[in-house]
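I have placed the structure first, in the form of structure tokens, so that the comments after it can refer back to it.
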Amino acid sequence: MSDSTFAIGLGIGTQNKEGTWLEVFYPSPLVSPEQSIIAAVKESTNYEGGNATLVLDESDLNRLHLALLQAGHIELAERASRLKPSAQPVVLCVLEADEAPANPAEVYLKLQLISHRQVQPHNTKLDGMFGLLVNTAWTSEGPIDVRELADRQLSARMEGRTIEVFSVDKFPKMANFVVPTGVRIGDAARIRLGAHLGEGTTVMHEGFVNFNAGTLGTSMVEGRISAGVVVGNGSDLGGGCSTMGTLSGGGNIVIAVGEECLIGANAGIGIGLGDRCTVESGLYITAGSKVAVLDENNEVVSVVKARELSGQSDLLFRRNSETGAIECKTNKTAIALNEALHAHN
1 MSDSTFAIGL GIGTQNKEGT WLEVFYPSPL VSPEQSIIAA VKESTNYEGG NATLVLDESD
61 LNRLHLALLQ AGHIELAERA SRLKPSAQPV VLCVLEADEA PANPAEVYLK LQLISHRQVQ
121 PHNTKLDGMF GLLVNTAWTS EGPIDVRELA DRQLSARMEG RTIEVFSVDK FPKMANFVVP
181 TGVRIGDAAR IRLGAHLGEG TTVMHEGFVN FNAGTLGTSM VEGRISAGVV VGNGSDLGGG
241 CSTMGTLSGG GNIVIAVGEE CLIGANAGIG IGLGDRCTVE SGLYITAGSK VAVLDENNEV
301 VSVVKARELS GQSDLLFRRN SETGAIECKT NKTAIALNEA LHAHN
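In structure tokens:
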């Protein structure tokens, strides 16, 4: 038996007609489960080690329930027992090692671990996940493989029902799987599963948070947090602003925003920000943007590409209203706005 196991999840899955997993809902996934839990799983199911996805029947769940009780894990035992009447497949996914996922069930476990705040963005391997996920219609009757949708819609109409399609995507919305504590979400459809929302975060109606990205603490999000972008505690994204992620032109560069930063309305960044930085409203900074660095007398001391300033703290980025040049100087103004924004989160 290995000394540790990366993660385990027990939940309910949905398959297409070919038996491929469309999604799996793990209500209480665990990172680094106690080895007595893994021992109980091995004793009661066909799990023999490694990374594996199993479908459990009622007899498996009965044995698992008893084994977990004997190991002293009463709450987990009750969860296993509760799943026995499920009309949908009961899925057990065990990841002994944090490796690239091998099937959609493993992808869904990892995405939910991020949204449950058990793993921070970039702290689990998701290589190759897009090729594993099935393009799915997320409907009023649950997930349906897009290739099977027309037939399901016809059958529903013949029975006097209409299937409403909310989205067609490889990713569902996070709130249908996880609602973290202490957050407010204006439009749940704009938060993808695999987003990480820190305690105290508010995402307004036009805000968007992609997978493997999000906030680490209290933030007001009225702009876009693209895939892979992590926003530090106390930082705010103004209305319509954008962060350039790995799927929106940023390549393999991870764009991060430090603590207590403010990205103004309709602004954007293609570089990382350190702590206590401000980007003026309407200003978009890409890595190759030419930036005039100013001294305390507002005199230009150098002109650099923005990437040379990436990750540095206490900077104010603005555009000269007369020349149109992008300028950067030390940000000496505290973002008092933050206190008001977060007073009632």
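Under full-length UniProt numbering, the first residue of the sequence shown is numbered 1, with each subsequent residue one higher.
Beta carbons: idealized from backbone N, C-alpha and C, even for Gly.
### Candidates LEU22, LEU30 and SER310, of which the one nearest ILE8 by Cα
It is LEU30.
#### Entry: Distance, GLN120 Cα to GLY288 Cα
Going from the Cα of GLY288 to the Cα of GLN120 covers about 29 Å.
#### Entry: Residue burial classification, GLU322 (beta-carbon count within 10 angstroms, cutoff 16)
Exposed, because fewer than 16 other Cβ atoms sit within 10 Å of the Cβ of GLU322.
#### Entry: One or two residues paired with GLY142 in a DSSP bridge
According to DSSP, which records beta bridges pairwise, GLY142 is partnered with THR139.
### Task
Could you name the residues of the same chain whose beta carbon sits closer than 6 Å to that of LEU316, not counting the 5 residues immediately before and after it, in chain order?
Excluding residues within five positions, the ones whose Cβ falls inside 6 Å are THR278, LYS329 and ASN331.
### Message
So, for ILE144: in the same chain, excluding its five sequence neighbours on each side, which residues have a beta-carbon less than 6 Å away from its beta-carbon?
### Response
Counting only Cβ-Cβ distances below 6 Å, and skipping sequence neighbours, we find ALA137 and ARG152.
### Task
Report the rounded CA-to-CA distance for VAL300 versus ILE263, giving the unit in angstroms.
Between VAL300 and ILE263, the alpha-carbon positions lie close to 23 Å from each other.
### Rounded separation between GLU78 and GLY245 - CA only
Between the alpha carbons of GLU78 and GLY245 lies a gap of roughly 41 Å.
### Query
In terms of residue numbering, what span does the alpha helix (DSSP H) encompassing ALA71 cover?
No alpha helix (DSSP H) contains ALA71, which DSSP labels as neither H nor E.
### Task
Report the three-state DSSP secondary structure of PHE177 (helix, strand or coil).
Here PHE177 sits in coil by DSSP.
### Query
Comparing alpha-carbon positions, which option in PRO85, GLN312, THR201 and TYR108 lies nearest GLU58?
Nearest of PRO85, GLN312, THR201 and TYR108 to GLU58, Cα basis: PRO85.
### Task
Whole angstroms is fine: what's the gap from CYS241's alpha carbon to ILE37's?
About 45 Å.
### Task
In the DSSP assignment, find the alpha helix (DSSP H) that holds LEU10 and state where it starts and stops.
DSSP places LEU10 outside any alpha helix (DSSP H); the residue lies instead in the beta strand (DSSP E), whose first and last residues are 7-15.
### Message
Taking contact to mean 3 or more Cβ pairs, one atom from each stretch, closer than 8 Å, check whether the stretch 37-54 and the stretch 101-114 are in contact.
### Response
By the C-beta criterion, the stretch 37-54 is judged to be in contact with the stretch 101-114, since at least 3 inter-stretch pairs fall below 8 Å.
### Message
Whole angstroms are fine: how far does the CA of ILE255 sit from the CA of ILE285?
### Response
So the two alpha carbons sit approximately 12 Å from each other.
### Task
Could you tell me how far apart the beta carbons of ALA71 and SER44 are, in whole angstroms, since I believe they sit closer than 8 Å?
Actually they do not touch by this definition, with Cβ atoms about 10 Å apart.
### Query
Apart from the five residues just before and just after VAL183, which ones in its own chain have a Cβ nearer than 6 Å to its Cβ?
These residues qualify, in order along the chain: LEU197 and THR201.
### Query
Assuming GLY223 contacts GLY238 under a Cβ cut-off of 8 Å, what Cβ separation, rounded to an integer in Å, is found between them?
Yes, they are in contact, since the Cβ atoms of GLY223 and GLY238 sit about 6 Å apart, within 8 Å.
### Query
Using 8 Å as the Cβ pair cut-off and three pairs as the minimum, do the stretch 175-195 and the stretch 153-162 touch?
They do not touch, by the three-pair rule.
### Query
Excluding five sequence neighbours on each side, which residues of the same chain lie with their C-beta closer than 7 Å to the C-beta of LYS125?
Excluding five sequence positions before and after LYS125, the CB atoms of its chain that fall closer than 7 Å to its own CB belong to ASP98, GLU99 and ALA100, given in chain order.
### Task
Could you tell me if LEU113 is buried or exposed, where buried requires 16 or more neighbouring beta carbons within 10 angstroms of its beta carbon?
Under a 10 Å Cβ-count criterion, LEU113 is classified as buried, with 16 or more other Cβ atoms of the shown protein chains found around its own Cβ.
### Query
Residues in its own chain within less than 7 Å of HIS205 by CB, not counting five upstream and five downstream?
Within the same chain, HIS205 has close Cβ partners GLY186 and ASP187.
### Distance between GLY131 and ARG82 (C-alpha atoms, nearest Å)
Between the C-alpha atoms of ARG82 and GLY131 there is a straight-line separation of about 33 Å.
### Message
In the DSSP assignment, the beta strand (DSSP E) including LEU22 goes from what residue to what residue?
### Response
Its beta strand (DSSP E) spans residues 21-25.
### Bridge partner(s) assigned by DSSP for LEU237
Residue pairing by DSSP puts LEU237 in a beta bridge opposite VAL221 and ILE263.
### Task
Provide the residue span of the alpha helix (DSSP H) that contains ALA105, from first to last.
Judged by DSSP secondary structure, ALA105 falls within the alpha helix (DSSP H) whose first and last residues are 104-115.
### Task
List the residues that DSSP assigns as beta-bridge partners of CYS328.
DSSP lists VAL293 and PHE317 as the beta-bridge partner residues of CYS328.
### Query
Do you know how far the Cα of LEU64 is from the Cα of LYS42?
Distance between the alpha carbons of LYS42 and LEU64: 9 Å.
### Task
Flag this pair as yes or no: are the beta carbons of GLY214 and VAL231 separated by less than 8 Å?
Yes, Cβ-Cβ distance for GLY214 and VAL231 is below 8 Å.
### Query
Relative to the alpha-carbon of PHE171, which residue among MET129, GLN118 and HIS73 has its alpha-carbon at the smallest distance?
The option with the nearest alpha carbon to PHE171 is MET129.
### Task
State the Cα-Cα distance for the pair PHE25 and CYS93, rounded to the nearest angstrom.
Cα-Cα distance, rounded: 11 Å.
### Task
Report yes if the CB atom of ALA306 is closer than 8 Å to the CB atom of LEU283, and no otherwise.
For ALA306 and LEU283, no; Cβs fall outside 8 Å.
### Message
Please state the DSSP three-state secondary structure of ASN46.
### Response
Three-state DSSP puts ASN46 in coil, outside helix and strand.
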